[in-house]
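Chains as they are written, first to last, in our numbering: chain A, 1 to 421; chain B, 1 to 302; chain C, 1 to 369.
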């Protein structure tokens, strides 16, 4: 007995030592040697190697432990909340009044928030809510319809430039530009969707990526019409019934606009999921051929998904332009699309609460991690990889409606007799 | 028509195309076996260039002769990049093999960001001068104004490595196992092929070729920084799709095709629209011939 | 509604920001302090620290110490507006910054509205001062069109150029430089522009563009952009044996360019701020930097140091932190700085600050008189 335990410990130790040796070898040239090619000096930083070795040794235990846990939990339970939490949580969830109170409190909190925090914090909250809207829009395409979409920033850009150009050349105000930005982005989304409808999966991802880059490059090269790389400055901020507001007041005003938009988006998207189109989209995500056999209009429904998803990006773009009063193409790079997609996937595809949490994670975290500004991006990247490895369904996975089928012949993979739809 | 100008552009496109092809092979091989767009592949290319730079500088201060530095630096860079590719696969992709399509993609984007910032923190965010490892050959001097020594070395080195890869895939046992896994992983596993090993080897080969490309191009243009992998990666990926993703000869052809198209677009139209042209080509191809130049159309079975 | 909200905002700001202007004079320092453009922004922070420390050691301005509010915006417009509002709510009386023209354009409407003085050491977009839209903006660096003019004059008068190839990096700054150069060449009418092209930064190589330059038969290349693209371009030009004069801007007048491009850099012309290394104040500033930070100062340190000196002097002469009085002092009072004795004109450009032409000779930039 003792011998067996000792063997296991020795085995684990050996594994970790090997891992740590491997990482010391792997990171050797990059971490240890620092060359200055300008004055031809070489610095040897051996302490880094020791640090990597120790870190890899310790972390490898955690890694294996977490892996084991993940494998163990994969089979019986779908949720990886701890057991006690699940039970308590379930109790609360059942209690509807509790939920309504919580929602009401949060609503109230968000309404009074701009009056108690500084303009700077209001600004961050505006960014956060803008990303919530962007994420929820993308969620219709990626989460609900299951279409891989890597060019969301292009439609964000289309919305922003719609407002900037409409106000620059035609003198349109914010309130007219807001719906127009959404409509223009939606039309662009449908126009993109037409030719790529046949494509699926990764091909679609690549085309949308290419489209996103094309839009940005065209804006950059269009010369004086869009201002090229110099962008467009002095975009008017929204006015409140013709009154001129100061910067701080406009910020609060924009905060309420984007907050209202986020609320509308949340309600619209959750209603959409239960609608005819929403159901059709979710069905298409699961099996296109079966859907066509069932008489679902594949083309129409997919176009709808693109149009609906990109319209929200257009709205968000208009608000972005109104808030910063200056836009240029470098705000809409592929990295931006990747961030929005990460919000959706990290949060949990198809789940609204997940998207909100994902936006909080990706927008607020870097802002408050300013103290670690050097390590901010690497922490963010690590979090992205670890999240995917240990919780690929996201922070709050989407929960479909549960229908319980009492059929003794129905024995699903997870051993349950019910199937989520 | 000015034929000399045409040939100048052709040769310029050939150099660029060879580099695209070297990187594109890694994308296409990985996609072939596990259907993953490895977004971090461009970063492996960048790591290769950086490792090459570091090793070359160390060797230079130790007083090695130039040709030896080039060969040693390239070998070490290739070995290290292969190790990075392997580790990346084990850490970020292997645990996700059964998790659907999107999760590995996000994991790859995260990995790409991680590697860029790793270089920023451990090395620098500035541009570094890459030593000129490819000497000016005497026999190239008459045509050096169109096709220099480094262009020559790039085209020859990529040609040789691609020829070796083709032979490897065609005639070795491992190559056969790779083709089988790419066709049908489950079936291959049933036939006793160790799929994990095949996947690891795929990552090793892809990363090695990318690193070779990284060292060659860095020595050609004379500089590296942490961000060179991003554009090269996206372009190589475009090349892989043009050729038909999953097909190795397709990636080579796609790389050359993209390099030449860009060169001609710049030469005859304007370089302002170089990238627009490349991406438009991608979109047009995907719409009218989604399986690429060499790929076969996939039939959905019910 | 407006009054009410204004009152509430004021109350909130007061709660969050604390008493404004009580015992310190707060000066905001905004720019890129992280990310890939950090090397353009950090020297300004060092300059601000050096001046503030020196003034505080002498007892501050009229007994009030200077407090720096340092904010990073990574040269991104959307972050710049966040930073601008944060600095205002933190009670800054003036801003040293921003660094990049784009971020500056995004933040200026906010400062203009709040009536807050800002001095940039590095935003060179001509529009910033010449448009007259930003009355509270000043800068201690000359604008891009001055550089392009200097380059064109050199090419036509000294080098006798007949055919120009104008290249740029498609950025705000580089494209602006190339476009001004084209205007000046066409104005003088002595030479023609045979090629006007944008390079793609980050492209694998520039061989096709190089062939195009050769094909165009240009005898002079003017490049607008920064040193990474410039060194990549020049080494490929030399590799392909293209013999043409190479003239560029102050994004290239950086020692890194010479070190990265090596022997290929020899003979390249670049404009840069006038050489002021002989001035006593400048020597002192340099020495102070080495003493405090242990390294030679980086890009835009000199204009940043001068901007901070001018700002501090103006606050002192104005006798208050009132923006109107500070601007009045900036425009009327001459101040001795490390880049010479300066004051600002009505538009906000510094008088007596200009560019000189430099050439790389034996691995060093040498000022051409």
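Glycine is no exception: its CB is placed at the ideal position from the N, C-alpha and C atoms.
The C-beta of residue 197 (chain C) comes closer than 8 Å to at least one C-beta of chain B. Just measuring C-alpha positions, the residue of C:296, C:164 and C:32 sitting nearest residue 77 (chain C) is C:32. Between residue 128 (chain A) and residue 138 (chain A), the C-beta gap is not smaller than 8 Å, which leaves the two residues out of contact.
In the structure shown, residue 192 (chain C) falls within a strand segment according to DSSP collapsed to helix, strand and coil.
Near chain B, meaning a CB-to-CB distance below 8 Å, the residues of the stretch 338 to 360 of chain A are 338, 341, 342, 345, 346 and 349. Within chain C, not a single residue places a beta-carbon under 9 Å from that of residue 260 (chain A); the smallest gap is close to 17 Å. For the set B:118, B:32, B:43 and B:129, the Cα lying nearest the Cα of residue 36 (chain A) is the one of B:129.
Annotation: residue 248 (chain B) has no Cβ neighbours in chain C at a cutoff of 9 Å; minimum Cβ distance is about 21 Å. Here residue 41 (chain B) is buried, its C-beta having at least 16 other C-beta atoms within 10 Å. For residue 250 (chain A), the enclosing alpha helix (DSSP H) covers residues 247 to 274. Here residue 341 (chain C) carries a strand assignment [DSSP, helix/strand/coil].
The three-state reading of DSSP puts residue 296 (chain A) in coil, since its state is none of H, G, I, E or B. Residue pairing by DSSP places residue 36 (chain A) opposite A:41 in a beta bridge. Checking the DSSP bridge columns, you'll see residue 67 (chain C) partnered with C:26. Assigned with DSSP and collapsed to three states, residue 169 (chain C) falls in coil, not helix or strand. No Cβ-Cβ contact shorter than 8 Å links residue 272 (chain B) with residue 212 (chain C). The shortest CA-to-CA distance from residue 208 (chain B) to any of B:26, B:18 and B:20 is the one to B:26. Look at residue 354 (chain C) here: in three-state DSSP terms it is coil, with no helix or strand label. Taking C-beta atoms as the reference points, residue 217 (chain A) and residue 276 (chain B) count as a pair closer than 8 Å. Residue 283 (chain C) counts as exposed, since fewer than 16 other beta carbons sit within 10 angstroms of its beta carbon. With contacts defined by Cβ atoms closer than 8 Å, residue 392 (chain A) and residue 103 (chain B) form a contacting pair.
Residue environment: residue 54 (chain A) is assigned as exposed (fewer than 16 neighbouring CB atoms within 10 Å of its CB, all protein chains considered). Residue pairing by DSSP places residue 139 (chain C) opposite C:120 and C:349 in a beta bridge. Between residue 119 (chain A) and chain C, the shortest Cβ-Cβ separation is below 8 Å. In the displayed model, residue 359 (chain C) falls within a strand according to three-state DSSP. Annotation for residue 131 (chain C): no alpha helix (DSSP H) segment contains it, and DSSP assigns it neither H nor E. Closest in C-alpha terms to residue 339 (chain A), from the list A:10, A:151, A:107 and A:258, comes A:151. Beta-bridge annotation (DSSP): residue 163 (chain C) is paired with C:192. Using a Cβ-Cβ cut-off of 8 Å, residue 228 (chain C) counts as an interface residue toward chain B, since at least one Cβ of chain B sits closer than that to its own. Taking 7 Å as the upper bound on Cβ-Cβ separation, chain B lies near residues 197, 198, 199, 200, 202, 203, 204, 205, 207, 208, 209, 211, 212 and 215 of the stretch 196 to 227 of chain C.
Against residue 275 (chain B), the close residues of chain A are 213 and 217, in the order they occur along the chain (beta-carbon pairs closer than 8 Å).
Cβ contact annotation for residue 325 (chain C) (same chain, cutoff 8 Å, sequence separation greater than five): 318 and 319, in chain order. In this structure the stretch 240 to 254 of chain B lies against the stretch 284 to 294 of chain B, because at least three pairs of beta carbons, one per stretch, are closer than 8 Å. For residue 339 (chain C) and residue 303 (chain C), the gap between their C-alpha atoms comes out near 7 Å. Counting every other CB atom within 10 Å of its CB across the protein chains shown gives residue 348 (chain A) a total of 16 or more, marking it as buried. Within the model, the alpha-carbon separation for residue 181 (chain C) versus residue 247 (chain C) is close to 11 Å.
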